[in-house]
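Start counting at 1 in the sequence shown, then tack on 39, and there's your number in the numbering used here.
Don't be surprised by glycine CBs; every beta carbon is placed ideally from N, CA and C.
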Amino acid sequence: MIIISLILVLIIGAILAAVLLTFASKSNSTTTSSALRWYPAAVTIAGIANTNGTANYLLNAPYDVTLDYPNAFYVADQNNNRVQKFLTGSTNGSTVAGYANGSTSWYTNALFGPTRVLLDPNKNIYVSDTSHHQVKFLLKDNLTATALSGKVHQQ
């Protein structure tokens, strides 16, 4: 009787293992149709290594990058208090949020230590204005900011 029980347990175990292996092989299939791939050798596409400044081709503590595939990318240039837009293939950026000279103030259009930049489907810009404790919103192609959160200072 014990031998028959052991044989039944082995048969049931073999059936379960076969079912699980078949299910696992179907659910673990992978596809390689992705258009974007990581390139292992780093290439500088914005800024100059070991050089900071406020010129349109320089960055100072870039913190975040957002892609506007395939036309441009946006950089939260933290210590220059601005967001720079770089067109694909260009090393010169244009300031799309904050002041181009890197200055700051309490005015709504100024940034102070931006750390995140996001685009919505309409290419409107959202910036985490960290040291002002605000999130700012800029309509596409418009340098006028609106504070979405945080206290708005008046001068």
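1. Let me make sure I understand the geometry here. Which of ASN118, LEU178, GLY92 and THR134 has the alpha-carbon closest to that of PHE112?
2. Pair every Cβ in the segment 85-97 with every Cβ in the segment 109-124, then say whether three or more of these pairs are closer than 8 Å.
3. How big is the Cα-Cα spacing for THR130 and LEU187?
4. Decide if SER68 is buried, meaning its Cβ has at least 16 other Cβ atoms within 10 Å, or exposed.
5. Please name the residue, chosen from LEU97, ALA81, LEU98 and ALA85, that lies closest to GLY128 on a Cα-to-Cα basis.
6. Helix, strand or coil for THR127 per DSSP?
7. Let me check you understand the geometry: is the CB of SER133 closer than 7 Å to at least one non-hydrogen atom of the ligand GTP?
8. Return the CA-CA distance between GLN194 and SER144, expressed in angstroms with no decimal places.
9. In the DSSP assignment, find the unbroken beta strand (DSSP E) run with VAL135 in it and report its ends.
10. Using the DSSP secondary-structure output, state which residues sit across from VAL114 in a beta bridge.
11. By Cβ distance, which residues of its chain are closer than 6 Å to PRO156, with the 5 residues on each side in sequence left out?
12. Report buried or exposed for PRO153, applying the criterion of at least 16 other Cβ atoms within 10 angstroms of its Cβ.
13. Give me the Cα-Cα distance between THR79 and PRO109, rounded to the nearest whole angstrom.
14. Bridge partners of LEU157, per DSSP?
15. Starting from PHE176, follow the beta strand (DSSP E) in both directions and report where the run begins and ends.
16. When the Cα of LEU98 is compared with those of ALA81, VAL82, ILE46 and ALA139, which residue comes out closest?
Looking at the coordinates:
1. THR134
2. yes
3. Straight-line Cα distance between these residues: approximately 31 Å.
4. Low confidence applies to SER68: its pLDDT is 49, below 50, so where it sits in the model is not reliable, and the reading given next is rough at best. With fewer than 16 Cβ atoms within 10 Å of its Cβ, SER68 is classed as exposed.
5. ALA85
6. Judged by DSSP in its simplified three-state form, THR127 adopts coil rather than helix or strand.
7. For the ligand GTP, the structure offers nothing, since it holds no ligand at all.
8. Here the model assigns GLN194 a pLDDT of 45, short of 50, so the residue's position is not dependable, and the following value carries that caveat. Those two C-alpha atoms are separated by around 10 Å.
9. 132-137
10. Answer is VAL104 and GLN123.
11. Note on identity: in this sequence residue 156 is Val, with Pro being the wrong assignment. Cβ neighbours of VAL156 beyond the five flanking positions: ASP103, THR105, TYR113, ALA115, VAL122 and VAL166.
12. buried
13. Looking at the sequence itself, residue 79 is Pro, so the reference to Thr does not match. Going from the Cα of PRO79 to the Cα of PRO109 covers about 20 Å.
14. For LEU157, which the question treats as bridged, DSSP gives the partners TYR165.
15. 173-177
16. Nearest of ALA81, VAL82, ILE46 and ALA139 to LEU98, Cα basis: ALA139.
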